[in-house]
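Residue 135 in the numbering used here sits at position 38 of the sequence shown, with consecutive numbering throughout. For glycine and all other residues, C-beta sits at the position ideal for the given N, C-alpha and C. The structure appears below as structure tokens.
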Amino acid sequence: MNKIITREEAIEKITDGARIMVGGFGLVGSPLSLIEAIAKSNLKDLEIISNNLGEPGKGLGVLVQKKQVKKAIGSYFTSNPEVVHAYQQQELQVELIPQGTMSEAIRAGGAGIGGFYTPVSVGTQLAEGKEERVLKGKKYVLQESLHADVALIKAKKADRLGNLIYSKSARNFNPMMATAADIVIAEVEEVVEVGQISPEEIVTPHLYVTYIVVKGEQ
């Protein structure tokens, strides 16, 4: 199977209302070329799971400007004032999850775990409506795992099978998200032949990757 497709072909794998995981911490490690392709499409009512929603006019921030995002699930949205404004205007639904809890929720989703108990957020508004349980004398709340229809991730290099390696901190959420979606589309800077990536370097095995898009190629 040839996994290499154009970014336009990649966007065709996404439907209106899809739940999409998007890698990145700020703009670092974010699949900007794929996001740009979504911005040029007519996709709407998207549910985005990401640490944040880019910056004004950058990354996922463009999708907010174009009102293509219906709901955002993540940890740090105040870095983009336009997200705050859209929420205040009731144009965008927001679900806040503490960053470490979000990471574990994605990991759990990839591992087939339905949820887990965490002490983080107990007694705060973030825990409202969640099941509480006392374990070993301490209060915990139930956090359901996260899974998506599509994950858009960013890697430094792939081989033609789809084995991935990442660049330093651009690794962030990407490897976890690659395990927690039905379709995984990896935006990469370079594709090499099978065998040119050492097994010891591989972070995401090819079995998790559905498609590859080379950054900058249409």
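(message) Considering only the alpha carbon of each residue, which of Lys312, Leu261, Ile280 and Tyr305 lies closest to glutamate 290?
(response) Leu261
(request) Report the option in Ile250, Ser266 and Met273 whose CA atom is closest to the CA atom of valine 311. (result) Ile250
(request) Find out if the Cβ-Cβ distance for the pair tyrosine 263, leucine 239 is shorter than 8 angstroms. (result) no
(message) Measuring CB atoms only, is the segment 175–182 touching the segment 144–159, in the sense that at least three cross pairs come out at less than 8 angstroms?
(response) yes
(request) Could you pull the start and end residues of the alpha helix (DSSP H) that methionine 274 belongs to? (result) 271–274
(request) Let me know if threonine 307 comes out buried or exposed under the rule of 16 or more other beta-carbons within 10 Å of its beta-carbon. (result) buried
(message) So lysine 163 and glutamine 190 are supposed to be a Cβ contact under 8 angstroms. How far apart are they, rounded?
(response) About 16 angstroms; that fails the 8 angstroms criterion.
(message) Can you check which of these residues, Ile170, Val219, Gln222 and Ile210, is closest to methionine 199 by C-alpha distance?
(response) Ile170
(request) Decide if glycine 313 is buried, meaning its Cβ has at least 16 other Cβ atoms within 10 Å, or exposed. (result) It is exposed - the Cβ of glycine 313 has fewer than 16 other Cβ atoms within 10 Å.
(message) Quick check on DSSP: helix, strand or coil for threonine 198?
(response) helix
(message) Assuming the contact rule is C-beta atoms closer than 8 angstroms, arginine 204 and methionine 273 should be a hit. Round their C-beta distance to whole Å, please.
(response) 5 angstroms
(request) Round the Cβ separation of methionine 316 and alanine 208 to the nearest angstrom and send it over; I've been treating them as touching at under 8 angstroms. (result) For residue 316 there is no data in the structure shown, the boundaries of the chain being 98 and 315.
(message) Using 8 angstroms as the threshold, is the C-beta distance between leucine 243 and alanine 277 below it?
(response) In this structure, alanine 277 lies closer than 8 angstroms to leucine 243 by Cβ.
(message) For phenylalanine 122 and phenylalanine 270, I'd like the C-alpha separation in whole angstroms.
(response) 8 angstroms
(message) Quick test of your reading: proline 195 and serine 176, contact by CB under 8 angstroms. State the CB separation rounded to the nearest angstrom.
(response) About 16 angstroms separates the two Cβ atoms, so there is no contact after all.
(message) Please list the terminal residues of the continuous beta strand (DSSP E) segment that includes glycine 212.
(response) 212–215
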